[in-house]
Amino acid sequence: MTGLPNVSPFRHATLLVGCLVASFAPGMFGVRFQPGDWYAQLAKSPLTPPGWVFPIAWSALYITIGVALYIMWVHTSWRERRIPLAVFAIQLVLNGAWSWLFFGRHAVGAALLEIGVLWISIVAMAFAFARHSRFAGKLLLPYLAWVSFATYLNFEIWRANA
Numbered sequence: 006m007t008g009l010p011n012v013s014p015f016r017h018a019t020l021l022v023g024c025l026v027a028s029f030a031p032g033m034f035g036v037r038f039q040p041g042d043w044y045a046q047l048a049k050s051p052l053t054p055p056g057w058v059f060p061i062a063w064s065a066l067y068i069t070i071g072v073a074l075y076i077m078w079v080h081t082s083w084r085e086r087r088i089p090l091a092v093f094a095i096q097l098v099l100n101g102a103w104s105w106l107f108f109g110r111h112a113v114g115a116a117l118l119e120i121g122v123l124w125i126s127i128v129a130m131a132f133a134f135a136r137h138s139r140f141a142g143k144l145l146l147p148y149l150a151w152v153s154f155a156t157y158l159n160f161e162i163w164r165a166n167a
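Residues 6 to 167 (the numbering used here) make up the sequence shown, in order.
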């Protein structure tokens with residue numbers, strides 16, 4: 006571990022909690038924009054999961070994202086983590102913005118374009134993290150898979166309700 010040599014377990018725990026809090030930021034922002042009646046009336050893909058699946062899936066994903074961030078952090082010096090942190094911040098903003106666009110503004114087409122950019126940012130983040138820890142990069146693959154599925158769901162809603 007090049008980023009935190011000779012650091013106490015308390016400092017590691019504090020860093021891990023900070024990484025988890027940061028990874029949950031889009032969810033904490035996005036929870037303000039609930040599906041509601043508008044979403045209930047939309048035509049959706051038959052593959053759309055029941056509503057209760059989403060908070061469970063996102064919670065698990067935010068945990069893995071936070072752990073990946075922590076692992077990347079402890080394997081890098083400040084200079085080495087600048088690009089991975091920048092890409093992390095970009096995907097964080099894009100993740101939160103999707104909820105605002107889709108549920109807050111009901112802008113299904115704009116949300117579809119935005120989720121495509123989010124997908125690209127997740128790929129970039131996985132590669133940036135993997136340069137320092139292959140495991141950290143691999144931890145982001147479920148996130149990429151879920152956003153790929155969410156992109157499909159967003160597309161189907163856009164197509165069926167345009």
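Idealized CB from N, CA, C, for every residue including glycine.
Apart from sequence neighbours up to five positions away, the residues of its chain that approach residue 77 with a beta-carbon distance below 7 Å are 86, 89, 134, 137, 138, 141, ordered along the chain.
Where residue 54 is concerned, there is no enclosing alpha helix (DSSP H), because DSSP gives it neither an H nor an E.
Here residue 125 is exposed, its C-beta having fewer than 16 other C-beta atoms within 10 Å. With respect to the 7 Å criterion, residue 69 and residue 120 are not classified as neighbours on the basis of their beta carbons.
Taking the Cα positions, residue 51 is about 21 Å away from residue 149. A straight line joining the alpha-carbon of residue 34 with that of residue 64 spans about 13 Å. If you draw a straight line from the Cα of residue 122 to the Cα of residue 57, it comes to about 26 Å.
Contact between residue 66 and residue 147 holds: their C-beta atoms lie close to 6 Å from each other, under 8 Å. The shortest CA-to-CA distance from residue 111 to any of 144, 46, 130, 75 is the one to 46. Here DSSP, grouped into helix, strand and coil, assigns residue 40 to coil. Here residue 129 carries a helix assignment [DSSP, helix/strand/coil]. Rounded to the nearest angstrom, the Cβ distance from residue 162 to residue 145 is 25 Å, too far for a contact under 8 Å.
Burial is judged here by how many other beta carbons sit within 10 angstroms of a residue's own beta carbon; residue 31 has at least 16 and is buried.
Close CB contacts of residue 71 within its chain, under the 8 Å cut and outside five residues either way in sequence, are with 21, 24, 25, 26, 27, 28, 29 (chain order). In the structure shown, residue 138 adopts coil according to DSSP, grouped into three states. Within 10 angstroms of the beta-carbon of residue 104 lie 16 or more other beta-carbons, which makes it buried. At least 7 Å separates the beta-carbon of residue 158 from that of residue 19.
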